[in-house]
Amino acid sequence: MEHLGEIIMKKTIIAISVFIAMSGMAARAQEINNMVLLEDNFRNSLWFNTNNSAALNFHPLTMYSNLGATYNGKYGGWHHQQEAATSNQVSVETDGAARVGKFLFWGDFAFRNIFDGRVNYNAMTYDVPEDMPYFVADKTPSRWNRQEYDMRTKISTPVIWDHLTFGAEVSYLSRVGAKQKDPRVETYSYDVRILPSVFVQVSDDFCVGLSGQYENAFERGEPSNVNYRQDQPAWLSRGLGYAQQTTVGGNAGLKTMYYETNLYGGALQVGYDGDYKLVTELEYNFRKIKAKQQPSLPRAMGNTESDMLKWHLQILLGSTLADKIDLTWNYRETAGLEVVQILNQELNNQRWEEVVTNHMSNFKRISWDAAYDHQFGKDEKGFEWDAGAKIRYDYENDVYFLPFTRWNWSSLLSEIFIAKQIKQHNGSWLLKADLGYGANIDARYEGFDASEGSNIQELYQKDITYWSDDYLKAGARIAYTLNRKKVNYKFDLSALYFNTVGDSNYDDASILVGDKRLLTAFTFGIIF
Amino acid sequence: MKRIFLYIIATGFLLAGCAEREKVESVTASIVIDESGLDSEVVRPASYEVTLTNNLSNLSSTVNSSDGRASVPGLVPGLYSVNVKARTKNGAFVYMLSGSTRSASFISDGDSYEIPVQSAKISSLLFKEIYINGSPGWYFRDQFYEIYNNGPETVYLDGICFAETVYANWDYSVVYQWDIPDAGKYVFVEIVWQIPGSGTDYPLAPGESASIAQWATNHTAGSLGGSSSIDNSGCEFEAIEKERTLWNGIVINDGPAINMRRVINAGGYDMPQWLISVYNSDIIMFKPSKPLENANFISTLNGSESGREVLIDDIYDAVQWKGNISDGDKLHLPAALDAGFNIAGGGYHNLSFARKVSGEMEDGSPTFQDTNNSTNDFEVFDKPVHRRYNTKKPSWNTWEK
Chain A
38 MEHLGEIIMK KTIIAISVFI AMSGMAARAQ EINNMVLLED NFRNSLWFNT NNSAALNFHP
98 LTMYSNLGAT YNGKYGGWHH QQEAATSNQV SVETDGAARV GKFLFWGDFA FRNIFDGRVN
158 YNAMTYDVPE DMPYFVADKT PSRWNRQEYD MRTKISTPVI WDHLTFGAEV SYLSRVGAKQ
218 KDPRVETYSY DVRILPSVFV QVSDDFCVGL SGQYENAFER GEPSNVNYRQ DQPAWLSRGL
278 GYAQQTTVGG NAGLKTMYYE TNLYGGALQV GYDGDYKLVT ELEYNFRKIK AKQQPSLPRA
338 MGNTESDMLK WHLQILLGST LADKIDLTWN YRETAGLEVV QILNQELNNQ RWEEVVTNHM
398 SNFKRISWDA AYDHQFGKDE KGFEWDAGAK IRYDYENDVY FLPFTRWNWS SLLSEIFIAK
458 QIKQHNGSWL LKADLGYGAN IDARYEGFDA SEGSNIQELY QKDITYWSDD YLKAGARIAY
518 TLNRKKVNYK FDLSALYFNT VGDSNYDDAS ILVGDKRLLT AFTFGIIF
Chain B
5 MKRIFLYIIA TGFLLAGCAE REKVESVTAS IVIDESGLDS EVVRPASYEV TLTNNLSNLS
65 STVNSSDGRA SVPGLVPGLY SVNVKARTKN GAFVYMLSGS TRSASFISDG DSYEIPVQSA
125 KISSLLFKEI YINGSPGWYF RDQFYEIYNN GPETVYLDGI CFAETVYANW DYSVVYQWDI
185 PDAGKYVFVE IVWQIPGSGT DYPLAPGESA SIAQWATNHT AGSLGGSSSI DNSGCEFEAI
245 EKERTLWNGI VINDGPAINM RRVINAGGYD MPQWLISVYN SDIIMFKPSK PLENANFIST
305 LNGSESGREV LIDDIYDAVQ WKGNISDGDK LHLPAALDAG FNIAGGGYHN LSFARKVSGE
365 MEDGSPTFQD TNNSTNDFEV FDKPVHRRYN TKKPSWNTWE K
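Heads up: the sequence lines are chains A and B, in that order. The first sequence begins at 38 in this note's numbering and counts up by one. The second sequence begins at 5 in this note's numbering and counts up by one.
In structure tokens, the structure reads:
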């Protein structure tokens, strides 16, 4: 049963999303009448891409409304173990920006229905976070059926004293998932984020902003077997392959598991709007996740504590804002804390009590992105050409301290793209091609002590073969917008193909482990 | 503006630096062996085998003690099961010296735990093979328990009792507390089956074994467990009081095996079978030092269970089994009775627990390992076998083919 607060939150955000969509419809803003302009709206709104919603009344988006239905497909065996081998997703999404009085609203809503095939090593959670050592794994690849309600809204208040605005961003994500093969699980989760913000226009060309962030999330998984007479093995992971074997089913089997997440943080933004536009943001968040089982007699599986630091810089150059530079740097360090507990058997007060909490593991992530693009022949309908390049560096260093075990991975991805817009009297074509090369720099999984009887190290052994690959990626997109008096119809088809480069040990016949991956998407919708 | 950026970045690093945590460091545990409880006739061993097992990871370390102390390095701070054992001999008697606990806390380097050891003459009568797992098709009526005379003298089975203990509710969220003084001296049972006899009716000579079946019939019949089951018609005893017809037409007939008596039935059940959990329970073998009363049961203080207390001192042997190795925190029996457990995995796979052979008697009959630790003493086999290792049948069993 959904929590009352959850229901109120969901209905409130749905109401806001629908309200914004309706407002956009009433305004019938025709400034944005093709997909290039729609995407440019976000490219050029530097403050939209920060945590500061308050700034939007000073640096607004162009008003628009957008509605679409999308099919996404994933095929091919080149993927990490806990990702679905095949996936078919149908979604309906709407978003829009509107002014209501002197307030500015932006909102989006998406409903996704996802049918995943052959998910491995995940028996309990909707999605296992990469830095969460405390999850439940099984060794039976299974289908998962999932549904998501994803809502977000940004509000910016009217300008006060010509210099000051306040704002807030609220998002709500509700997810339901069901594993389709014993051991099964039904999992329910919600995730609420609130980001209040304030913005000050210090001078004509200089501004600053400050935002806070609070996130609360909860996931509850109920394990079961359809064949209740056959218990199923499962593993309580403690990180990097170390695990305790347990079962789903039987009196002593795995009980309801739940994850409680709280995140606190804030960000500082600085902007310049003169000969060029610049916005930079420095963000820090602290996140704590508690993994527990059996609500009637709660027992900790473990906790994680993460420090997250992010720096983001966006620069738009040129009188028509034809050049954009986008730099991002991310740092995250997650501590895995194992809680040792003892059952206090005091009469009518039985409970698991903490004896000691050990900092057993550490998961470090560093990444940076550098992107540049230039739009040629830019006008009010879009551009003639758009070309750009992007480089992304990723570094992972995960350690389990006793016995000392390490997962080390780093990679450099280089991408280029070119896009051509063909403008017609009553429509617009967008043709895009991109090419990328991912070069693995380091990939090691070492030090695992197999003398610990029960474990799932094969998950990491298989995954390291995936992560150590060099690969080529090639994508193509063709999109068309048909302009009519009141609405613009959009059709968007894209595909992205990955192929490993060099020797690989994969069995091409296996759908679980291969060397190719194809991602496809098709959207039909309207811009109005 | 450049300066502002520098301040911002410096503040960010400072925040990240504040969150530095101390990573775990291994600790060395110190074990002190307390022999003050040993009787004077027990010879003190020069060394004990000391095993520490982490309750979370199940990773074990074993060392030998010296001068009553042992030091175990390289441990992750936490809770450990400690098992200490040695074997000594004094004249004709062999003594097992053992001590154990399931929750010794070693958090800091050098943390010490004093563990008292007790001695016991190695019991002659023990469980040799336990088949509770059942057969494919969810067939459970073929369960049996084979007991064995591991000592040098004949023992009499008359009056020996068998029972499963009652420990916690179905999901282990309530561990029962019983309304009786000195509850730690007892285990608690709901149903007890007893071998009849006047005192000398059923002798068991050294090297002989006898089996207690839930139902002593040939379960390989197609209408019963089928070919994957086992023929129990040669078992010496069965847990049957009268012939019964089941809901599906199967007749539980009363064969040549000696019928045991259900002397305790605290739940008042009228079930046609004696079913013990196929993957998560225990069995005890005891001879009550005072008559068992099938009335005036004691109750749990934190539940609605009723049961009969059994003195731990009356118990000859006890063995427990769990579904998985991670269930070691839900063990039913006190460590003094069974410091370990067998792993049954899922039910209905014909798995059978058989005690390990430790040596030979003078006539060539096997002797079996008994350290009061099922983890060490038993092996798990794919199929049950009656009189595994060619143990002898008692002379009064005239019906086994």
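In this text, a Cβ means the ideal position worked out from N, Cα and C, and glycines have one as well.
{"Check": "Cβ atoms of B/Asn300 and B/Ile195: under 7 Å apart, would you say?", "Outcome": "no"}
{"Check": "Whose C-alpha, out of A/Arg514, A/Gly473, A/Thr537 and A/Asn88, is nearest the C-alpha of A/Glu206?", "Outcome": "A/Asn88"}
{"Check": "Cα-Cα, which of A/Val237, A/Trp504 and A/Leu530 is closest to A/Ala5?", "Outcome": "It is not possible to answer for residue 5 of chain A, since the shown part of chain A is limited to 38 through 565."}
{"Check": "Under 8 Å: do the stretch 254 to 266 of chain B and the stretch 167 to 175 of chain B share three or more Cβ pairs, one atom per stretch?", "Outcome": "no"}
{"Check": "Hey, does B/Leu279 have any beta-carbon neighbour from chain A nearer than 7 Å?", "Outcome": "no"}
{"Check": "Name the chain A residues whose beta carbon is nearer than 7 Å to that of B/Pro81?", "Outcome": "Val393 and Asn395"}
{"Check": "DSSP beta-bridge partners for B/Phe290?", "Outcome": "B/Cys165 and B/Ile319"}
{"Check": "Cβ closer than 7 Å: which chain B residues qualify as neighbours of A/Gly287?", "Outcome": "Tyr283, Asn284 and Gly327"}
{"Check": "Express the C-alpha separation of A/Pro178 and A/Met62 in angstroms, rounding to a whole number.", "Outcome": "Summary for A/Met62: the model assigns pLDDT 47, below 50, so the residue's position carries little reliability, and this model does not support an answer."}
{"Check": "Would you mind reading off the limits of the alpha helix (DSSP H) that contains A/Tyr497?", "Outcome": "Gln494 to Trp504"}
{"Check": "Going along the chain, which unbroken runs of the beta strand (DSSP E) with 3 or more residues stay wholly within the stretch 62 to 110 of chain B?", "Outcome": "64 to 68, 73 to 79, 82 to 94 and 97 to 110"}
{"Check": "Closer than 6 Å by C-beta to A/Lys401: which residues in its own chain qualify, once you throw out the five before and the five after it? Chain order, please.", "Outcome": "Glu370 and Asn434"}
{"Check": "Is A/Arg65 buried or exposed, if buried means 16 or more other CB atoms sit within 10 Å of its CB?", "Outcome": "With a pLDDT of 47 at A/Arg65, under the threshold of 50, the modelled position of this residue cannot be trusted, and the question is left open."}
{"Check": "What residues of chain A sit near B/Tyr273, judged by a beta carbon separation below 9 Å?", "Outcome": "The premise fails here: B/Tyr273 is roughly 18 Å from chain A at the closest Cβ pair, so nothing lies under 9 Å."}
{"Check": "DSSP state of A/Lys191, grouped into three classes?", "Outcome": "strand"}
{"Check": "Is the stretch 173 to 193 of chain A in contact with the stretch 148 to 162 of chain A, if contact means three or more CB pairs nearer than 8 Å?", "Outcome": "yes"}
{"Check": "Using a cut-off of 7 Å between C-beta atoms, extract the partners of A/Ile326 located in chain B.", "Outcome": "Neighbours of A/Ile326 on chain B: none; closest Cβ ~15 Å, over 7 Å."}
{"Check": "Keeping to the same chain, check which residues put their C-beta closer than 6 Å to that of A/Asn445; ignore five residues upstream and five downstream.", "Outcome": "Asn434, Asp479 and Arg481"}
{"Check": "With 7 Å as the threshold, decide whether the Cβ of B/Gly350 is near any Cβ in chain A.", "Outcome": "yes"}
{"Check": "In whole angstroms, give me the CA-to-CA distance for B/Ile134 and B/Ser356.", "Outcome": "6 Å"}
{"Check": "Measure the alpha-carbon distance for B/Thr249 versus B/Trp278 and round it to whole angstroms.", "Outcome": "15 Å"}
{"Check": "Alpha carbon to alpha carbon, what distance is there between A/Thr357 and A/Leu467?", "Outcome": "20 Å"}
{"Check": "Might you give, ordered along the chain, the residues of its own chain that have their beta carbon closer than 6 Å to the beta carbon of A/Asn81, omitting 5 neighbours on each side?", "Outcome": "Leu358"}
{"Check": "For a contact defined as C-beta to C-beta under 7 Å, what are the partners of A/Lys292 on chain B?", "Outcome": "Asp175"}
{"Check": "Give me the Cα-Cα distance between B/Val88 and B/Thr55, rounded to the nearest whole angstrom.", "Outcome": "6 Å"}
{"Check": "Taking its Cβ as the centre, do 16 or more other Cβ atoms sit within 10 Å of A/Asp344, making it buried, or is it exposed?", "Outcome": "buried"}
{"Check": "Straight-line CA distance for B/Ile2 to B/Pro338?", "Outcome": "For chain B, the structure presents residues 5 to 405; residue 2 of chain B sits outside this window and is missing."}
{"Check": "I'd like the list of long-range same chain contacts for A/Ile69, defined as Cβ closer than 7 Å, with 5 residues on each side in sequence excluded.", "Outcome": "Leu75, Asn78, Thr99, Tyr101 and Ile564"}
{"Check": "Can you tell me the Cα-Cα spacing of B/Gly4 and A/Gln118, whole angstroms?", "Outcome": "Since the first residue of chain B shown is 5 and the last is 405, residue 4 of chain B is not available in this structure."}
{"Check": "Is there contact here, the stretch 289 to 304 of chain A with the stretch 248 to 265 of chain A, by at least three beta-carbon pairs under 8 Å?", "Outcome": "yes"}
{"Check": "Helix, strand or coil, according to DSSP, for B/Glu53 in the structure here?", "Outcome": "strand"}
{"Check": "Which residues, in chain order, does the stretch 289 to 310 of chain B contribute to contact with chain A at a C-beta distance below 9 Å?", "Outcome": "Leu305 and Asn306"}
{"Check": "Report all residues from its chain with a CB closer than 6 Å to the CB of A/Leu556; omit the five preceding and five following residues, and keep chain order.", "Outcome": "Lys111 and Leu533"}
{"Check": "For a contact defined as C-beta to C-beta under 8 Å, what are the partners of A/Val127 on chain C?", "Outcome": "No chain C is part of this structure, whose protein chains are labelled A and B."}
{"Check": "Output needed for A/Ala215: all residues of its chain with C-beta closer than 6 Å, excluding positions within five of it in sequence on either side, in chain order.", "Outcome": "Asn182 and Glu223"}
{"Check": "Can you tell me whether A/Leu41 is buried or exposed? The criterion is at least 16 other CB atoms within 10 Å of its CB, across all chains shown.", "Outcome": "Because the pLDDT of A/Leu41 is 45, which lies under 50, any placement of that residue in the model is unreliable, and the number read from its coordinates should be weighed accordingly. The residue in question, A/Leu41, is exposed, as its Cβ has fewer than 16 Cβ neighbours within 10 Å."}
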